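Some notes on the structure that comes next.
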Amino acid sequence: MKFNKKSTMFGIFIFGAMILVTSGFADAALGSGYQNLKKSLKTTTAKLVDDVDNFSVGITATLKVDGKIYSEETTNTKFDIKNQAEETRTIQLQKGNHVEYYSYSDKKQYINKNFEDGSYNVEERQKSRKNTRIIQNPFEEEEVKDVERIVDAFIGSLENVIQVEQSGKKKMYLGDIGDSEIPPLINAISSFAFKYSILDDYTIKTLNIPSPKSNVTLKEASGKAVENKDGIIESGIFSVSMSAKDDKGAEHVYTLELSMDIKGINSTVVVAPNLDGKKVTYSKEGCPFDEKYIGKYSNNIVEVKNNSFVKVGERIVEITSVKEGNVKGKYYEVYNKGYEPDAVRSFEFSSNHNESEFYTILNYTDNNGKKKKGTMDSTNLQNLYVAFDIIIDEENGGYSHTNDEENFNNEFVRVFE
Amino acid sequence: METLKAVYINEMFKISKKKKIAISLVFSFLSLIVGAIVVYYLNNFAGIRITGSSDFSIMVLTVLSYTLFPLFTAFICIDMFAGEFADSTIKLTLTGLAPRFKVFLGKILAIATSIMANLIVVMILSLVVSIFIDGSVSNLVKIVLAYIMEFFPQLIFALVVVFLSNISKGTTSAFMLSILVFLVFNGLGMIFPNFKSFLFTSTFDWYTLILGGYINFSKILRVFLILLGYGIMLITASYYFFEKRDI
Chain U
1 MKFNKKSTMF
11 GIFIFGAMIL
21 VTSGFADAAL
31 GSGYQNLKKS
41 LKTTTAKLVD
51 DVDNFSVGIT
61 ATLKVDGKIY
71 SEETTNTKFD
81 IKNQAEETRT
91 IQLQKGNHVE
101 YYSYSDKKQY
111 INKNFEDGSY
121 NVEERQKSRK
131 NTRIIQNPFE
141 EEEVKDVERI
151 VDAFIGSLEN
161 VIQVEQSGKK
171 KMYLGDIGDS
181 EIPPLINAIS
191 SFAFKYSILD
201 DYTIKTLNIP
211 SPKSNVTLKE
221 ASGKAVENKD
231 GIIESGIFSV
241 SMSAKDDKGA
251 EHVYTLELSM
261 DIKGINSTVV
271 VAPNLDGKKV
281 TYSKEGCPFD
291 EKYIGKYSNN
301 IVEVKNNSFV
311 KVGERIVEIT
321 SVKEGNVKGK
331 YYEVYNKGYE
341 PDAVRSFEFS
351 SNHNESEFYT
361 ILNYTDNNGK
371 KKKGTMDSTN
381 LQNLYVAFDI
391 IIDEENGGYS
401 HTNDEENFNN
411 EFVRVFE
Chain P
1001 METLKAVYIN
1011 EMFKISKKKK
1021 IAISLVFSFL
1031 SLIVGAIVVY
1041 YLNNFAGIRI
1051 TGSSDFSIMV
1061 LTVLSYTLFP
1071 LFTAFICIDM
1081 FAGEFADSTI
1091 KLTLTGLAPR
1101 FKVFLGKILA
1111 IATSIMANLI
1121 VVMILSLVVS
1131 IFIDGSVSNL
1141 VKIVLAYIME
1151 FFPQLIFALV
1161 VVFLSNISKG
1171 TTSAFMLSIL
1181 VFLVFNGLGM
1191 IFPNFKSFLF
1201 TSTFDWYTLI
1211 LGGYINFSKI
1221 LRVFLILLGY
1231 GIMLITASYY
1241 FFEKRDI
């Protein structure tokens, strides 16, 4: 009898364990819609970045207030990953005005169109430019991985908001969260972001929409995404509604809609625009100078004597030639009588266009015979900003002065004779 | 049946005499009032409705289901098992006429009743408070359903504590073990989201499954079966140790 009771209990225990394990595994295998969607997003980016030769993306963003469209932006971007080329067309609709943008870039050049006169700007790429890929997989970056972990930990019950449905060979992700289910924390963060970053004072003024003053709250968020048979998310629609009262106490509903589709996988062709017969301005990347900059630039050397400024001389930069983005010139100082120092500086400099991606780097030999570097930039249309004796840190895109010469003035003003 | 009823009434009487129950109700009431005041004052902080338009009752449930509910559930369970074993008052019950199984079942039923009572009190209070804050109560059916659903994971947690009280020597170790299990299970759910399905702590907020516009019934069924599996295992295992234990 005793044995019998024990084995019955053991049997019941095993029965309970079986229910737990089978339904637990079933639940874990099906996963939440959130986990599925995340996996799908990762597959999509990985495939687009690594497996596919070319594709195009269309994104439309719309801002509606009380159902009326106030601003709309449509962007079409074609990517040619194999040849590292990219073409973007954007149309903005704001208060009935159309604004268009167009740009094209590949390994050799960057082209953008000026829609006011139909002219083009072509910027020749630097040869030294590192071949960074036109798109990168964001999920491989350390930062994004950490963000993912944090979101995973805090998503909690919201995981259940996203549902998955299978229709034919396609998968559909649906998500809809109404006002009563939005957790207070999410509501607070998104309302804050909405009030201070999406609808800031500037946007409200330019678009002339009622300003959200009080009772800002998330009303509804919904989204839909379709995954095709290759596991790529080919389209998605997302919409968020916020409600808020304006300064008169009237309530308004602000809706932000976003739709995206990926198409033309392996059938997108990206070609540079035909510039025949068009007005084109050519320039070189990282070099703002051309022939018109040949000339003399100067500033004053000033000292303080008996509590008043006294001009003791002039610093002069002369650009003697600009060819193919390479600048040649000289720097010298001229002192007034009676103020000459022991050594008056004077040297010639030259730049090599391919040396830097960002700067016009001047190479020169100073009075002591040491090889040094400087940098030159244009300011205020016709003037120059020149720094000598610097160390360049190309990786971080910056430079630093090695010794700050007291009272050295970096601004050189064009001399018209 | 008569003996079970007698044991149950006896256990309920013991629970109602405990100061902890009064304290539990006072704490629930206080946290509700504090919550109401915070919500009322924060509602339009910096022009943002911090609490959004979510129902006050659901908000209270979200907070209490991870804090006060499990804490007081643990107190009651430990008192009833580890506590009575420790101060040997269980002798009085077990040397009586009722068989051990009925004593065990009576205690579990009494625990279930007190969890339910706690939930009902909090629900009614929160509904009254939300009438004061919002002027009306919306989604009444969903709120009632959510509180009913919350009963199941809380009962599973109670069974976990009962199991721990039956295998541990004293009240303190039972309490510490319960807290440890609660924290470890919650932590595991955060670190390994893929294994969440197996952890009963991740079902503490399963009532959100019925709040949305789209209700996934198969998911609700799966979670219910997981809870049922836990329940069966815990009851048999606890009873095994309860029966074996020397007075």
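Residue numbers (this note's numbering), protein chains in the order written: chain U, 1 to 417; chain P, 1001 to 1247. For every residue, glycine included, the Cβ atom is placed at its ideal position computed from N, Cα and C. Just so you know, these numbers come straight off a predicted model, no measurement behind them.
For V302(U), three-class secondary structure by DSSP: When secondary structure is reduced to three states using DSSP, V302(U) falls in the strand class.
Should F1190(P) be flagged as near chain U, meaning a C-beta pair shorter than 7 Å? What sits at residue 1190(P) in the sequence shown is Met, not Phe. By this cut-off, M1190(P) is an interface position.
Just the C-alpha distance for F412(U) and V302(U), rounded to the nearest angstrom, thanks. Cα to Cα, the separation comes out at about 14 Å.
Alpha carbon of D152(U) to alpha carbon of V144(U), nearest angstrom: Distance between the alpha carbons of D152(U) and V144(U) is about 12 Å.
Quick test of the definition: if touching needs 3 or more C-beta pairs under 8 Å, does the segment 1068-1079 of chain P touch the segment 1209-1227 of chain P? By the Cβ rule, the segment 1068-1079 of chain P does not count as touching the segment 1209-1227 of chain P, because fewer than three pairs are nearer than 8 Å.
Do you know offhand how far I91(U)'s Cα is from K205(U)'s? If you draw a straight line from the Cα of I91(U) to the Cα of K205(U), it is about 21 Å long.
Under 7 Å between C-beta atoms of M260(U) and G236(U): Between M260(U) and G236(U), the C-beta spacing is below 7 Å.
Look at the alpha carbon of K170(U) and the alpha carbon of L48(U), and state the distance between them as a whole number of angstroms. Distance between the alpha carbons of K170(U) and L48(U) is about 18 Å.
My assumption, with CB atoms under 8 Å, is that L256(U) sits in contact with S239(U). Please give the rounded CB distance. At roughly 7 Å, the Cβ-Cβ gap stays under 8 Å, so L256(U) and S239(U) are in contact.
Once you ignore the five residues that flank H401(U) on each side, which residues in its own chain have a CB closer than 6 Å to its CB? Apart from sequence neighbours up to five positions away, the residues of its chain that approach H401(U) with a beta-carbon distance below 6 Å are I390, ordered along the chain.
Buried or exposed (CB count within 10 angstroms, at least 16 for buried), S167(U): Classification for S167(U): exposed.
From the DSSP output, in three-state form, read off F194(U) for me. Helix, per DSSP.
The beta strand (DSSP E) spanning T74(U) covers which residue range? Unbroken beta strand (DSSP E) run through T74(U): 68-80.
Within 10 angstroms of the Cβ of V1026(P), are there 16 or more other Cβ atoms? Answer buried if so, exposed if not. It is exposed - the Cβ of V1026(P) has fewer than 16 other Cβ atoms within 10 Å.
Check whether the Cβ of T8(U) lies closer than 7 Å to any Cβ atom in chain P. By this cut-off, T8(U) is not an interface position.
Using a C-beta cutoff of 7 Å, does L1228(P) count as contacting chain U? Yes - at least one Cβ of chain U is within 7 Å of the one on L1228(P).
Can you list the residues of chain P that T74(U) reaches, using a CB-CB cut of under 9 Å? By Cβ distance, chain P contributes nothing, its closest Cβ being about 29 Å from T74(U), past 9 Å.
Selected residue, minimal CA-CA separation from F1182(P), among K1196(P), V1038(P), F1200(P), S1168(P): That would be F1200(P), whose Cα lies nearest to the Cα of F1182(P).
Kindly indicate if chain P contains any beta-carbon less than 7 Å away from that of M1(U). The predicted model places M1(U) with a pLDDT of 48, which falls under 50 and marks its position as unreliable; any figure quoted below should be read in that light. No - not a single Cβ of chain P is within 7 Å of the one on M1(U).
Identify every run of the beta strand (DSSP E) within the segment 1170-1224 of chain P, keeping only runs that are complete inside it and at least 3 residues long; order them along the chain. The qualifying runs do not exist here; there are none.
Three-state secondary structure (DSSP) at A1117(P)? A1117(P): helix per DSSP, three-state reduction.
When you compare only the Cα positions, how much space is there between D276(U) and S105(U)? Near 18 Å, if we compare the C-alpha coordinates of S105(U) and D276(U).
By a C-beta neighbour count over all protein chains shown, 10 Å radius and 16 as the cutoff for buried, is A1022(P) buried or exposed? Classification for A1022(P): exposed.
According to DSSP, what are the bridge partners of Y1040(P)? Y1040(P) is not bridged to any residue.
Could you name the residues of chain U that M1123(P) contacts, counting a contact when the two beta carbons are closer than 9 Å? At a C-beta separation below 9 Å, M1123(P) has no neighbours in chain U, since its nearest C-beta there lies roughly 16 Å away.
Hey, which unbroken runs of the alpha helix (DSSP H) at 4 residues or more fall wholly within the segment 115-173 of chain U? The segment 115-173 of chain U contains these whole alpha helix (DSSP H) runs: 142-155.
Going along the chain, which residues of its own chain have a beta-carbon closer than 6 Å to the beta-carbon of T44(U), five neighbours each way excluded? Closer than 6 Å at the Cβ level, and outside the excluded window around T44(U), lie I232, I233.
Could you tell me if the beta carbon of E124(U) falls within a distance shorter than 6 Å of some heavy atom in the ligand SAH? This structure lacks the ligand SAH; in fact it carries no ligand of any kind.
In chain U, what lies closer than 9 Å to F1198(P) by C-beta? Those are L20, V21, G24, F25, D27, A28, listed as they occur along chain U.
Can you have a look at P341(U) and say buried or exposed, based on whether 16 or more other CB atoms are within 10 angstroms of its CB? Around the beta carbon of P341(U), a 10 Å sphere encloses fewer than 16 other beta carbons of the protein chains shown; the residue is thus reported as exposed.
Taking a contact to mean a Cβ-Cβ separation below 7 Å, would you say Y1239(P) touches F1104(P) in this structure? In this structure, F1104(P) lies closer than 7 Å to Y1239(P) by Cβ.
Within 10 angstroms of its Cβ, does K195(U) collect 16 or more other Cβ (buried), or is it exposed? K195(U) is buried by the Cβ-count criterion.
Please check the pair V1137(P) and L1127(P), which I expect to be a contact at CB under 8 Å, by giving their CB distance rounded to whole angstroms. Rounded, the Cβ-Cβ distance is 6 Å, consistent with contact.
Please check if any C-beta of chain U sits within less than 7 Å of the C-beta of R1049(P). Yes, R1049(P) lies at the interface with chain U (some Cβ there is under 7 Å from its Cβ).
Let me know if S346(U) comes out buried or exposed under the rule of 16 or more other beta-carbons within 10 Å of its beta-carbon. It counts as exposed.
Which class does A46(U) belong to by DSSP, given the choice of helix, strand or coil? Helix, per DSSP.
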